[in-house]
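Protein chains in written order, with this note's numbering: chain A, 1 to 493; chain B, 494 to 986. C-beta atoms are modelled at their ideal positions from N, C-alpha and C, and glycine is treated no differently.
Number of protein chains: 2
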Amino acid sequence: MLQFVSHLLPLLLLTSAPASGAPLRDAVRSWRQAHEPAIVRELADFAALPNLASDSTGIRRNAAALAALLERHGIRPAIFDDGPWPPAVFGELRSPGARRTLVFYAHYDGQPVTASEWATPPWEPTLRVREGEAWRSLALPAAGNRARLDPEARLFGRAAADDKSSIVAMLSALDALRAAGVRPTVNLAFFFEGEEEAGSAHVREILRRHRAALAADAWLFCDGPVHASRQPQLVLGARGVMGLELTAFGPARALHSGHYGNWAPNPALALARTLATLRDEDGRILVDGFYDDVRPPGEADRAAIAALPDVDRALREELLLGATEAGNAPVAGRVMLPALNVRGLQSGAVGAQAANAIPTEARASIDVRLVPDQAPGRVRELIEAHLTKQGWFVTHDSPTAATRLAHPRVLKVEWEGGYAAYRLPLDAPAARAVRGAIDEMLGHPVLVMPMLGGSLPLASFADELGVPLVTVPIANHDDAQHARDENLRLQNL
Amino acid sequence: MLQFVSHLLPLLLLTSAPASGAPLRDAVRSWRQAHEPAIVRELADFAALPNLASDSTGIRRNAAALAALLERHGIRPAIFDDGPWPPAVFGELRSPGARRTLVFYAHYDGQPVTASEWATPPWEPTLRVREGEAWRSLALPAAGNRARLDPEARLFGRAAADDKSSIVAMLSALDALRAAGVRPTVNLAFFFEGEEEAGSAHVREILRRHRAALAADAWLFCDGPVHASRQPQLVLGARGVMGLELTAFGPARALHSGHYGNWAPNPALALARTLATLRDEDGRILVDGFYDDVRPPGEADRAAIAALPDVDRALREELLLGATEAGNAPVAGRVMLPALNVRGLQSGAVGAQAANAIPTEARASIDVRLVPDQAPGRVRELIEAHLTKQGWFVTHDSPTAATRLAHPRVLKVEWEGGYAAYRLPLDAPAARAVRGAIDEMLGHPVLVMPMLGGSLPLASFADELGVPLVTVPIANHDDAQHARDENLRLQNL
């Protein structure tokens, strides 16, 4: 759990009465060692609550548990439950005489799961440690237990890393500082979103309604993974994201591929042909005009990226990748560009379930990562224009029989709420302040990533609130976030 | 059930003592009317047995039931259970003094099912009749019941049409002739295969082992659907078939599409790109050399095809197809060419289950229809050469970590047993004899299809036994064979 110290402590120190670095670090370490089982248990209990944003009951159960958690840590909570969407959970800790306010952000919802694919149930957080090629389960420590935990053990469960770990880490850091007698000199607030993994469709609405409560001098986002070298990093932006689902239609009922193969159009092939037009083998997106609004990385960005440790080779070997895109270009540079990912394909059946039939439809699920200054609305227009150019009649609803008969090729396109990218310049005052505080605590320059590959709804916050945003990740890079067997490495907590 | 008369009666008459057409037809009709409920009940009972060739226990249960069925219809059965594959069921009916032998073929196995997609359970044959847009269930008639059944009612269930209906139809036709006092003048035999839908991998072995018992002057294949105009047709060949499964590999674990999108290769896109190279929009296969061995249709073939009723427009409307391949070319001509069908795609997840992750693998399931004189082995070589040319390292086994690391793009290719096409020339004596008999019974020329689009393992029989093969389908063309909600229209029985 050392990184919990190196990550969050300096951020809280930014906000606290001056204290000498080394003694405070020692005091906090002692406190942390004495409370490890309780911290892990707190995270496990919280991660046991299914937290899909689309599950209205489940997500409200999470919000209530989170409010209780804040209260337990001495923070007055409020639940912003304003409509038929996941509520945000807010907490504040006013400091007498303080003139500045700092807001900590995290999200408490998680990605969908396919439970059957998980080694341990996604909503039953399980502590496991690697032994050779296998993982051995460990009992969760009792809260009162004072035994040290293996820092390489991992807590498996949906949202154990992304992003409930950040919430537990920041509340624990606060306890540690309190125990050391350090008092904040600025007002602290906490804002926990419940719809981040579903595209943050309502976050702007929430920010607008609670603008007064959320006013601050800067926001600190605790989300995303630390650098793949396991070193802490400071992140000054994040790519935006959009999602879309494509459905291509074949015959109204599945047809015998012998009697009708070569006559009835095959929707899987038609869709594959279109997907092949979206990107080249190097990942360059072939949609006309797609790069028009892309702000290229500046010299300072490129220098920061060049200073990052080289993790590509080790990552490639771990992932069994014989090569990566664009001639093995480094990952840190690649995420400065937009990306188009096919996250799912479905048509007919494969393997033992495959029948010799022409499928009735074929589906592809896609996510697009945006960079400054691409606007989601414009990207949507460009992609639809591209699809139309490929010969599709594009519709946003399920096509009627008349529509299908009137057009040789019909494609249903469904868009998910998305948002733009955000990038704080490296020389912005907030960036320099946070960077300086962490550098001092670490004793060496912290890694700085100009933009995270993953998406955070930073642009919405920047637009609505007009404050600078700095991101400080907690979780391990190999946490399988968004996938099966998501896990948090305890040392990262 | 009129077509049961028009189809099978003339074939049996070929083999019977001369009898005047009209009185015999009347006698058979009376017999059939009196026995309708029993015939439908017999088919329903038989179709209730799950009959996947890969289910060793289930397929043997079918074989035993089929042997019992033969016995009940006065035919001495034998089960050719020679090894760890689905047995064939054989029956014979020797006629004193006969010099010629005719063998009737059908298969008793069926395609896999995805039961959850069916309106009624696939192994619980259900009688339903259309009322407006909906289907109303009817009780199955008791065997002793003499009520007439709605000829437009359909029996829903896997293999209710393909191909158990053919077996029940031929046994019933035999009973009807017996009841009319007509005695065969040639020896009759029946050969029922249990592995047709799985690619007939062992049928040659079975034919070789039982060559003596199966010696004949001609074989009549009762499989496939009647013409889409609902008129009976004579079929002189069938396309061959091959199956293959492709698996493209991405990262060893699903990766966050933000942090790694644009760096880790996406297997779904790589596979889509390759699928797009296999065929053009008109269905022409783009694999080098693919058409080298294709025997083009002759003038007589083209004339027979031109004489078929035009069903394309009605079919297109029924299937909600705005257009079909190759500029709406007629289906009967299209099936004279080879075809490549993607029967399934699978990668990651779509819809509500989609997560923003780069999938670990992508799969495509493909079937290829062959025409004379394409050889499956050669086609396999050509397709693998094409895949290699697309930049894949092709392997037939699951790749090891070392293989994946050594090659930028690894594709696992798994082949299913397949077989070549077969086409009997229109002027072959067996073709002319059968055609003449049916023409005489119908009072007008029967439709002749030079080649069925679907596949029958005819080439194996022709090669092994050196006999001419003629195909006489029973089932309705809209029987959803190989798909969900397979059904037999009673009038076809």
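Beta-carbon of residue i versus every beta-carbon of chain A: anything under 8 Å?
i: residue 526 of chain B; result: no
i: residue 496 of chain B; result: Because residue 496 of chain B carries a pLDDT of 39, less than 50, the predicted location of this residue cannot be relied on, and the following value inherits that uncertainty. Chain A contact via Cβ: absent.
i: residue 855 of chain B; result: yes
i: residue 607 of chain B; result: yes
i: residue 500 of chain B; result: For residue 500 of chain B, the predicted structure reports a pLDDT of 47, less than 50, and the residue's modelled location is therefore unreliable. A value from the coordinates is still provided. Not an interface residue.
i: residue 582 of chain B; result: no
i: residue 776 of chain B; result: yes
For the beta strand (DSSP E) that residue i lies in, which residues bound it at each end?
i: residue 774 of chain B; result: Segment: none, residue 774 of chain B is in no beta strand (DSSP E) and carries neither H nor E.
i: residue 572 of chain B; result: 569-573
i: residue 242 of chain A; result: 237-249
i: residue 107 of chain A; result: 101-107
Would you please verify whether the beta carbon of residue i is less than 8 Å from any beta carbon of chain B?
i: residue 123 of chain A; result: no
i: residue 233 of chain A; result: no
i: residue 408 of chain A; result: yes
i: residue 265 of chain A; result: yes
i: residue 225 of chain A; result: yes
i: residue 508 of chain A; result: Nothing about residue 508 of chain A can be reported from this structure: the residues present for chain A run from 1 to 493 only.
i: residue 245 of chain A; result: yes
i: residue 279 of chain A; result: yes
i: residue 371 of chain A; result: no
i: residue 344 of chain A; result: yes
i: residue 401 of chain A; result: yes
i: residue 390 of chain A; result: no
i: residue 491 of chain A; result: no
i: residue 120 of chain A; result: no
i: residue 331 of chain A; result: yes
i: residue 269 of chain A; result: yes
Starting from residue i, find everything on chain A with Cβ-Cβ shorter than 7 Å and list it in chain order.
i: residue 769 of chain B; result: 272, 273, 276
i: residue 628 of chain B; result: Ordered by position in chain A, no residue passes the 7 Å Cβ test against residue 628 of chain B, which lies about 13 Å from the chain.
i: residue 834 of chain B; result: 257, 261, 266, 358
i: residue 817 of chain B; result: 263, 264, 265
Could you work out which residues of chain A lie near residue i, taking near to mean beta carbons separated by less than 9 Å?
i: residue 948 of chain B; result: 258, 356
i: residue 975 of chain B; result: 254, 255, 256, 257, 258, 355, 356, 357
Near residue i, what residues of its chain come up, given a Cβ to Cβ distance below 7 Å and the 5 sequence neighbours on each side ignored?
i: residue 547 of chain B; result: 691
i: residue 17 of chain A; result: Confidence in residue 17 of chain A is poor, its pLDDT being 46 and thus under 50, which makes the residue's placement unreliable; the coordinate value appears in the next sentence. The answer, listed in chain order, is 182, 183, 185.
i: residue 939 of chain B; result: 725, 726, 727, 928, 931, 932
i: residue 76 of chain A; result: 91, 92
i: residue 659 of chain B; result: 599, 715, 716, 967
Can you name, in chain order, every residue of its own chain whose Cβ lies under 6 Å from the Cβ of residue i, other than the five neighbours on each side?
i: residue 989 of chain B; result: A question about residue 989 of chain B goes unanswered here, because the residues of chain B that appear run from 494 up to 986.
i: residue 42 of chain A; result: 168
i: residue 836 of chain B; result: 858, 860
i: residue 683 of chain B; result: 584, 597
Residues in the same chain with beta-carbon distance under 8 Å from residue i, minus the five sequence neighbours each way, listed in chain order, please.
i: residue 613 of chain B; result: 619, 621, 630, 649, 650, 978
i: residue 767 of chain B; result: 739, 741, 880, 883, 885, 904
i: residue 704 of chain B; result: 957, 958
Would you mind telling me which residues of chain B sit closer than 9 Å to residue i, beta carbon to beta carbon, in chain order?
i: residue 374 of chain A; result: Correct list: empty, because the minimum Cβ distance to chain B is about 14 Å.
i: residue 241 of chain A; result: 750, 751, 849
Between residue i and the ligand PLP, is there a pair consisting of the residue's CB and a ligand heavy atom that are separated by less than 7 Å?
i: residue 611 of chain B; result: Ligands in the displayed structure: none, and consequently the ligand PLP is not present.
Since residue i sits in a beta bridge, which residues does DSSP pair it with?
i: residue 588 of chain B; result: The partner list for residue 588 of chain B (beta bridge, DSSP) is empty, contrary to what the question assumes.
i: residue 341 of chain A; result: A/367
i: residue 657 of chain B; result: None; residue 657 of chain B has no bridge partner.
i: residue 437 of chain B; result: Because chain B here runs from 494 to 986, residue 437 of chain B falls outside it and cannot be looked at.
i: residue 787 of chain B; result: DSSP, once it has assigned bridges, lists no residue as partnering residue 787 of chain B.
i: residue 918 of chain B; result: Answer is none; residue 918 of chain B lacks a bridge partner.
Give me the chain B residues within the contact set of residue i, using Cβ-Cβ distance strictly less than 8 Å, ordered along the chain.
i: residue 334 of chain A; result: 755, 756
i: residue 319 of chain A; result: 744, 745, 746, 748, 757
Which residues in chain B have a C-beta closer than 7 Å to the C-beta of residue i? List them in chain order.
i: residue 466 of chain A; result: By Cβ distance, chain B contributes nothing, its closest Cβ being about 25 Å from residue 466 of chain A, past 7 Å.
i: residue 405 of chain A; result: 810, 813, 815
Which residues of chain A have a Cβ atom closer than 8 Å to the Cβ of residue i, listed in chain order?
i: residue 858 of chain B; result: 348, 349, 350, 351, 354
i: residue 904 of chain B; result: Within chain A, no residue comes near residue 904 of chain B; the closest Cβ sits about 12 Å away, beyond 8 Å.
What first and last residue would you give for the alpha helix (DSSP H) that runs through residue i?
i: residue 934 of chain B; result: 922-935
i: residue 958 of chain B; result: 951-958
For a contact defined as C-beta to C-beta under 7 Å, what are the partners of residue i on chain E?
i: residue 830 of chain B; result: Among the protein chains in the structure shown, which are A and B, there is no chain E.
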